[in-house]
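Chains A and B, in that order, give the protein sequences. Going left to right, the first sequence walks through residues 50 to 323 as our numbering numbers them. Going left to right, the second sequence walks through residues 175 to 432 as our numbering numbers them. Every residue gets a Cβ at the ideal spot worked out from N, C-alpha and C, and that includes glycine. None of these values were measured; they are calculated from a predicted model.
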Amino acid sequence: MMLKVDQLTVRFGRRTTPAISGIGFHIDQGERLGLIGESGSGKSVTSLAVMGLLGDTARISGSIRWKGEELVGRSDAHYSRLRGAAMGMVFQEPMTALDPTMRCGRQVAEVVRLHAGADRGQARAKVLEILATVGLADPERIADSYPDELSGGQRQRVLIAMAMVNSPQLLIADEPTTALDVTVQAKVLEELDRMLANTGAGLLFISHDLAVVARMCERIAVMYRGSIVETGRLDQVLGNPQHPYTAGLIATADITSAEPGSRLPVIQDFWRQS
Amino acid sequence: MTLLEARGLDKTYRRSGNPVRAIRCIDLSVASGDRLGIVGESGSGKSTLVRMLAGLLEPSFGQVLYRGNPINGANREQLRELRRGVQMVFQDPRSSLNPRMRIGDIIAEPLFSPVQPRSIRAHAVERVAELMDLVELDDVAPNVYPHELSGGQRQRVAIARALAPAPEVLIADEAVSALDVSVRAHVLNLITDLVATQNLTLVFVSHDLTVVRHLCDRMVVMRDGVIVEQGRTEAIHANPTDDYTARLLASVPRLPGH
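Encoded structure:
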C-alpha cells in the first residue's frame, strides 16, 4: 500500500470539535481516489494533513503511512524530502499558490533543483520540457513570464508542472479546476489524465463537483462534516449510494436531467443534518 | 416592451498601455419578461457588456437605451430610474459585500439612496425583514456580518440587496459560479422563484451552459467581444450552429449515465 490513512483526527487550537474525525482511506500505486464533499466538510484539511502542511496549531492523532512508514509526528525536515518529490500537490488558487514576484520558470526550477540536485542548465531544460508536457504551447515565453501575465488556465498548468516535474508517485490535487472556465477545465483535466497515465502516478483528487471527480477517479470517498460517510468504486457509489447524503450529491450534480425552469433537487430532499 | 437596448456598443480598455477591444459593435435588446442568458469564456466580454447595460461602465462608442432613452446624456430623473430599475448580483459575495457592514445594513443601503422616496426609508426595517424572508434568510439575524455566513447565504444577501429597490431587471454576473455544486441548486431555485414572483426580467451571465439552459429561454454566445450565436436556449442546445458553442456544450462535465 502506497498511502494508508487510519483513524485520522485533526483539531485546531482549543476547539473541541475536530475538523476531521476518524478518517480512513488508502491509495495504491497508480490508483485514483476522489474525495468529495462541500465547503467545510474537511477535504482540504485531509489533504494538508497528508502533505504535513497543517502548521503548529493543529493537533493530529491517528496514522498516515507512506509505504508503511508512519508520517504523523515526523519532523518538517523529514516531510520536506517527500513533498515535491514522492508527493506533488496542486492547489485551487494558482494566483496565491505561485509567488507573484518570481518568473514562472524559476519557480518550477526551484522544485527541480531542491530535489533532483540538477544544475542550472539541466533544470532549465527540464522546466521547458515539463511546461510543454502540461500543454503550454510556448514554454519559453511561459517560463519567462510572471504569474500575473498568464491566464488562469496557464497558471494552473504551471502549478501542475511544478507538482509533476519530479515524477511523484502520488499527486494530491485540491480543487485544481474549480476556478477555471468549463472549456479550460476540460483541457486541464484531459492533460492531467494523460500525464498520470504516462507516469503511473496515483491521485488524490479533491472536489465539490461530483461530475469532475467522476471524470478522473475510479474510487470515491464522500466526506460530510469531517467524516467519510461512504467509500466505494465510482460506478457502485453512483449506481447505488448507501448514504442519503451521497444520494443528494448525485441528484444535485447534474442539472441537465431536470426540466428547464423546474425546481432542482437539493441535498435536503434526501438528507437533513441534525 | 423593450427595457434595455444596446446599439453598436463598443468598448476599448487600456491594458499596460495597449488598447484591448473588449466589445465590438454589439446590438442587443432585452424586453420586459425576458430571461436572457449571456454565455462565454473569461475574456469574451460578457461582464463588460452587462456592466455597460447597467450603466456602470461607459461605452467607447455606441449607446445603451433604457426604456427608449439613451443613458449617456440622460437627465437626472432618467438616471435615477435606471439606477433603481436595473440591479446587479456579482460572482463573489466575499468581495461584493462590505465585510464591515452588518447584513441588514447591506440590504437596506439601496433604500437610503437619494433616488428613493423618503417614505421608503421610514419603513426600512420592515422592508429588510421582508427581503430576507424573500431570499429565505429568515433564520439569520440581520445584525451578523458577511463572514459569519456560508457562501450560499452570502449570495442570498447580495440578491436581497439587489431586490431592495424593487428593480425591473436583475443582472446576475456568474452569480452561482463560485458556489459548491450542491449549494448552486438552492440559489438557482431561488432565482427561478424570484423571477416569477417579482416579475423580474433576468439577464444571466455564465460560462456554464447548463445553468443558462435551466434559467433562460433565450441566449447569446459571446466570443472575443462579439456575439457568435443567439436564439432560443433549447434550439441552441439541441443544435448549436457555431463550433465554439458546440465546444462549450461538450466541455461541461457530466456524470456517467446521465
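Rounded to whole angstroms, the Cβ separation of A:Gly73 and A:Val99 is 12 angstroms, and the two are not in contact under 8 angstroms.
In this structure, A:Met213 keeps its C-beta atom at 8 angstroms or more from the C-beta atom of A:Ile255. Here B:Ser206 has Met175, Leu177, Thr375 as same chain residues with Cβ atoms under 6 angstroms from its own Cβ, once five neighbours each way along the sequence are excluded. At a beta-carbon threshold of 9 angstroms, none of the residues of chain B lie near A:Ile269; the nearest stands roughly 12 angstroms away.
The C-alpha of B:Val385 lies about 16 angstroms from the C-alpha of B:Lys220. Contacts between A:Asp258 and chain B, judged by CB atoms closer than 9 angstroms, involve Asp354, Val355, Pro427 in chain order. Positions of the alpha helix (DSSP H) runs, each at least 4 residues long and wholly inside the segment 191-215 of chain A, are given as 201-213 in order along the chain. Ranked by how close their Cα comes to the Cα of B:Leu383, the residues B:Ile410, B:Val260, B:Asn363, B:Val369 have B:Ile410 in first place.
When beta bridges are read from the DSSP output, A:Gly83 appears opposite A:Phe254, A:Ile269.
Looking at the DSSP output, B:Glu179 bridges to B:Ser203, B:Leu239. As the crow flies, the alpha-carbon of A:Val161 is around 13 angstroms from that of A:Val207.
Taking C-beta separations shorter than 8 angstroms and ignoring five residues to either side along the sequence, the partners of A:Leu199 in its chain run Cys153, Ile191, Val207, following chain order. Identification of chain B residues near A:Ala263 by a Cβ-Cβ cut-off of 7 angstroms yields Leu429, Pro430, ordered along the chain. Judged by DSSP in its simplified three-state form, B:Met306 adopts helix. Annotation: A:Lys92 to A:Ile76 spans about 16 angstroms, alpha carbon to alpha carbon.
In the DSSP annotation of this structure, the continuous segment of the beta strand (DSSP E) that includes A:Leu52 starts and ends at 52-61. Interface annotation, B:Asp313: not in contact with chain A, CB-CB separation never under 8 angstroms. Counting only runs of 4 or more residues that sit fully inside the segment 138-176 of chain A, the alpha helix (DSSP H) segments are 143-146, 153-165, in chain order.
Contacts with chain A (Cβ-Cβ distance below 7 angstroms) from the segment 212-240 of chain B involve Glu215, Ser216, listed in chain order. When C-alpha distances from A:Ile304 are compared across A:Asp258, A:Pro290, A:Leu229, the shortest belongs to A:Asp258. For A:Met244, the enclosing alpha helix (DSSP H) covers residues 231-248.
Counting along the chain, the unbroken beta strand (DSSP E) around A:Ala107 starts and ends at 107-115. Chain-ordered listing is empty here: chain A has no CB closer than 9 angstroms to the CB of B:Gly182, the nearest sitting near 28 angstroms. Counting only residues of its own chain and dropping the five nearest sequence neighbours on each side, B:Ala332 has a CB closer than 8 angstroms to the CB of Val263, Phe264, Pro267, Ser270, Leu271, Ala349. With a minimum length of 3 residues, the unbroken runs of beta strand (DSSP E) contained wholly in the segment 245-302 of chain B fall at 260-263. Per the C-alpha coordinates, the member of A:Trp320, A:Asp187, A:Leu131 positioned closest to A:Glu118 is A:Leu131. Taking C-alpha positions only, B:Val224 is separated from B:Ile345 by approximately 7 angstroms. With contact defined as three or more Cβ pairs closer than 8 angstroms, the segment 309-317 of chain A and the segment 181-198 of chain B are not in contact.
DSSP places A:Ala302 in the helix class (H, G or I) of the three-state scheme.
Taking each of A:Arg169, A:Ser306, A:Thr301, A:Ile269 in turn and checking the Cα distance to A:Gly281, the smallest one comes out for A:Ile269.
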